[in-house]
Amino acid sequence: MIIAKIEIDHFSFLVVLVANIGIGLYQDIRARKLIDKLKVISSVKANVLRDSQLVSVKANEVVLSDVIEIKQGSQLVCDGVIVDGFVELNESLLTGESANISKKTGDNVFSGSFVTAGRALYRVEHIASENYSEKLMSNAKKFKRAKSEILASIKGIFKVITVFVVVLGGVQIGLKWSSFKNIHSEDFQNSVRGISGSLVAMVPIGMYLLTSITLAVGAIRLAKRKMLTQDMYCIETLARVDTLCLDKTGTLTDGNLKIYKTISTSDISERDLAKLAYTLVDATKDENATASAIKNEFSNLNRFDTYSAIPFNSERKFSAVMLEDGRSIVMGAREFIPHKNKEIDEMCKEYEKDGMRVLILAQHSHVISIDEKLEESDVLGFIVLRDHIRDDAPENIKWFKENGVDIRIITGDNPESAAEIARRAGIEGADKYISLEGMSNEEVRHIAREYTIFGRVTPEQKQMIIEALKDDGRTVAMTGDGVNDILALRVADCSIAMASGSDAAKNVSHLVSLDSNFSTLPDVVKEGRRVINNLQRSVAVFLIKTVFAMVITTLFLCRIFKLSSGYPFETNHMFIWEMLSIGVGSLFLSLQPNEEQIKSKFLVNIMFRVLPAALIQIGFVIFFFCYEKSVDEAITMSVLAFSIFSLIILIRICLPFDIYRVFLALGIVFVSGITIVADYFAASKKINLGIEYNLLDKTHVITLLIVIAIAFVIYIGLSIGASKLHRYLDQKREESKYDHF
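For the sequence shown, our numbering assigns the number 2 to the initial residue and increments by one for each residue that follows.
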């Protein structure tokens with residue numbers, strides 16, 4: 002274009018491109034800086050023994066021969082050997098097997114494993130690339146990236162556009178080849194203007210960058226809500242979430258368990274029962290919510306003498322301590338402590354119906370081994386714990402209900418207790434609860450759709466529930482904080498971990514809540530919807546012009562018009578459409594709040610917006626090139642028609658209106674009007690829309706107004722028809738989800 006000495010006004014499209022690049026770089030750098038700051042807060046650290054003191058250091062600061070403390074929830078950052086203590090490790094991220102493996106002094110441990118129970122010290126033997134996980138190229142410490150439909154769709158769009166640009170550009174150059182022999186001739190300049198106008202119009206300048214900008218802004222907004230985005234494209238999945246799976250503790254409740262009552266059902270006193278409970282949790286070194294409540298309440302009591310302990314894990318469902326007097330004390334839920342005292346069961350059920358947690362303490366006369374299946378126990382009594390429902394839980398649940406997101410509670414607690422908490426929090430279907438104790442994976446998969454509350458769930462069963470819901474066509478988000486949530490977090494469409502939870506859970510999640518606050522989840526889903534809804538609007542604005550340019554170029558190359566044998570429009574003809582309707586309009590549309598629930602595929606949603614508008618714009622050119630008597634008249638009328646109608650299309654895409662979109666639409670219409678007036682009076686040759694106003698008479702103006710009015714009616718009809726067809730297809734898609742049941 003420079004060789005052809007094209008005027009500067011023909012390069013107006015570069016303003017949009019440069020602006021998008023500048024804003025995109027700024028937002029991307031800003032997002033990365035903010036996320037890097039947040040990563041420092043949530044990054045994996047290791048408790049290393051140095052100078053006889055435990056010091057918290059970053060994982061990459063660990064050196065050979067360091068001694069590291071590990072406990073329940075920790076993820077190992079290096080290979081090593083246990084030098085003191087006992088732990089149970091889950092190596093599923095390395096081996097694919099989820100069974101817990103016992104590790105004692107002298108046993109090897111591998112990076113990527115996570116601790117399900119116990120506490121130990123291990124000495125580092127390998128670091129960095131020498132670690133077992135690194136040699137296997139394992140994803141042990143990496144989260145599963147969200148599948149991005151947007152990224153795939155946009156890449157597909159650009160592939161199609163590239164084919165059209167190459168083919169149509171090549172054909173145009175071939176047809177105009179004779180004019181390229183003399184680069185100083187007027188024919189050469191006209192050919193370059195036409196070809197460049199065609200090709201530039203086909204390319205949705207800034208669309209890919211706008212996608213990055215929108216996602217970066219989304220990440221920044223989430224960061225301000227203390228939500229760390231570990232995968233930018235998970236924001237897209239958030240927008241489509243229609244099912245949210247929660248644990249009861251820490252979401253509906255605040256997780257701060259309190260001892261409500263200690264009840265002895267044997268000849269020992271309630272004080273001794275409390276003393277046994279404190280002895281057990283102190284010996285096992287458990288750090289879960291139950292153990293913390295017992296320690297806080299009974300820490301003033303003396304301990305019994307012990308010599309070994311079995312910590313709690315989500316598979317065993319009980320913990321135990323061996324006393325010096327030869328007894329073994331076990332503690333767990335009544336379903337997992339075998340006994341024949343039905344009266345105790347009835348007493349416990351009464352408390353569970355009120356939403357409380359009940360733990361039985363029982364004794365055995367022999368030493369219990371870690372792999373032992375408990376036989377009938379001698380029940381000593383039970384402890385009742387109460388959890389406080391978050392003040393904002395009902396409000397948050399109400400928001401999800403009103404915005405098309407189903408809630409499922411998946412918990413290791415008693416289902417009746419969980420159902421009562423869910424009922425008080427306002428969860429719909431809280432009366433549909435079930436215990437998954439003893440169920441096979443196939444049985445769990447079969448009933449996953451039928452219930453709202455799932456109790457006594459194992460880690461594998463959590464995974465089965467998530468997979469079953471996904472097979473049902475749902476987009477599933479999962480929140481979790483413990484090692485028992487990892488399998489489910491890895492298979493969820495979008496996984497959200499709590500910063501207060503285990504390292505392993507944070508490492509496999511797409512998002513990390515840095516303040517571990519359930520009340521931010523509605524805002525998180527809102528942000529996902531805002532990003533994708535606005536991105537769909539903005540991308541639609543870009544693609545209308547692209548479809549228009551492809552079809553018009555093809556029609557003119559087929560020489561169906563008598564007035565012109567080549568693409569007639571130059572880059573400056575698209576000034577209002579390119580600069581204002583697309584450039585400014587799409588950018589500001591992408592920033593506005595939007596909480597509409599998203600259905601259908603990204604590309605499908607876009608094309609139902611694009612096709613009616615593109616057909617009208619194409620229709621203008623066809624009509625005027627058939628109706629007018631000269632090329633200049635046809636070009637002028639076409640430019641005025643598609644420039645004005647691009648504003649109508651923008652207004653239509655802005656629907657439904659709010660104050661923001663009203664001011665945006667009015668502002669762009671006002672600036673466009675000023676631009677046309679300025680161009681008409683030739684006040685600024687720098688604008689130069691390429692419109693020959695001297696060719697316009699009263700008949701042309703009336704014709705233009707009538708054509709635009711008719712086009713408007715047709716456009717509204719096409720848009721309504723497309724919307725109805727879209728909704729019909731959505732309904733059919735929803736119905737087809739359940740065909741396999």
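Virtual Cβ for every residue (Gly too), placed ideally from N, Cα, C.
inquiry  = Could you tell me the alpha carbon to alpha carbon distance between V68 and A121, rounded to whole angstroms?
reply    = 10 angstroms
M228 beta carbon less than 8 angstroms from that of L216 = no
ask   = Along the chain, where does the alpha helix (DSSP H) that runs through L590 open and close?
value = 586 to 590
request  = With DSSP collapsed to three states, give me the class of R222.
outcome  = helix
ask   = Taking the C-alpha atoms as reference points, what is the distance between D10 and N573?
value = Since pLDDT at D10 reaches only 49, below the 50 mark, its modelled position is unreliable, and no value is offered.
ask   = Looking only at its own chain, which residues have a Cβ that is under 7 angstroms from the Cβ of K527, when we skip the five neighbours before and after it?
value = E596
key: Enclosing alpha helix (DSSP H) for F87 [first to last residue]   = Segment 80 to 91 is the beta strand (DSSP E) holding F87; no alpha helix (DSSP H) there.
ask   = Using the beta-carbon count (16 or more within 10 Å), is A710 buried or exposed?
value = exposed
key: Reference K318; option with closest CA among Y261, N303, E438, I410   = E438
message = Just to confirm, is the Cβ distance from A615 to S199 under 8 angstroms?
response = no
inquiry  = Here's a check: name, in chain order, each residue in its chain whose Cβ is nearer than 7 angstroms to the Cβ of I390, leaving out the five neighbours to either side.
reply    = L253, T254, I422, R425, A426
query = Between the beta-carbon of S644 and the beta-carbon of I545, is there less than 8 angstroms?
reply = no
inquiry  = Which of the three DSSP states is assigned to A141 in this structure?
reply    = Because the pLDDT of A141 is 36, which lies under 50, any placement of that residue in the model is unreliable, and the question is left without a value.
ask   = alpha helix (DSSP H) containing H365: first to last residue?
value = Counting along the chain, H365 falls outside any alpha helix (DSSP H), though it belongs to the beta strand (DSSP E) covering 358 to 365.
request  = Compare the beta carbon distance of L277 and F305 with 8 angstroms and say whether it is the shorter of the two.
outcome  = yes
request  = With a threshold of 16 other CB atoms inside 10 Å of the CB of S315, please say whether the residue is buried or exposed.
outcome  = buried
ask   = In this structure, does DSSP put M440 in helix, strand or coil?
value = coil
When I487, L515, T453, C559 are compared against L245, the one with the closest alpha-carbon = T453
request  = Determine the direct distance from the alpha carbon of A321 to that of N303, and round the result to whole angstroms.
outcome  = 18 angstroms
request  = Spell out the partners DSSP gives E70 in its beta bridges.
outcome  = N48, L122
Helix, strand or coil at T480 according to DSSP, with G and I counted as helix = strand
ask   = If you count every other CB in all the chains shown that lies within 10 Å of the CB of T480, and 16 or more means buried, which is it?
value = buried
key: Cut-off 8 angstroms between Cβ atoms - residues of its own chain near D52, not counting five sequence neighbours on either side   = none
request  = Kindly indicate which three-state DSSP category K733 falls into: helix, strand or coil?
outcome  = helix
message = So, for Q173: in the same chain, excluding its five sequence neighbours on each side, which residues have a beta-carbon less than 6 angstroms away from its beta-carbon?
response = I196
ask   = Quick check: the segment 528 to 537 against the segment 509 to 516, are there 3 or more CB pairs under 8 angstroms?
value = no
key: Residue burial classification, G157 (beta-carbon count within 10 angstroms, cutoff 16)   = exposed
Separation of G86 from Q76, as counted between CA atoms = 16 angstroms
task = Leaving aside the five residues before and after R450 along the sequence, list all residues of the same chain whose C-beta is less than 8 angstroms from its C-beta, in chain order.
result = A469, L470, D473, F742
message = For M499, tell me which candidate among L488, L522, V492 has the shortest Cα-Cα distance.
response = L522
request  = Would you list, in sequence order, the uninterrupted alpha helix (DSSP H) runs of no fewer than 4 residues that lie entirely inside the segment 497 to 532?
outcome  = 504 to 508
key: Same chain, Cβ closer than 7 angstroms to Y729, five either side skipped, listed in chain order   = none
query = Going by alpha carbons, who is nearest to D680 out of G668, N695, A666, I669?
reply = N695
inquiry  = Can you give me the C-alpha to C-alpha distance between G119 and A506, rounded to a whole angstrom?
reply    = 17 angstroms
key: Runs of beta strand (DSSP E) lying entirely within the segment 340 to 421, each at least 3 residues, in chain order   = 358 to 365, 379 to 387, 407 to 411
ask   = Taking the DSSP output, what are the residues bridged to T254?
value = I390
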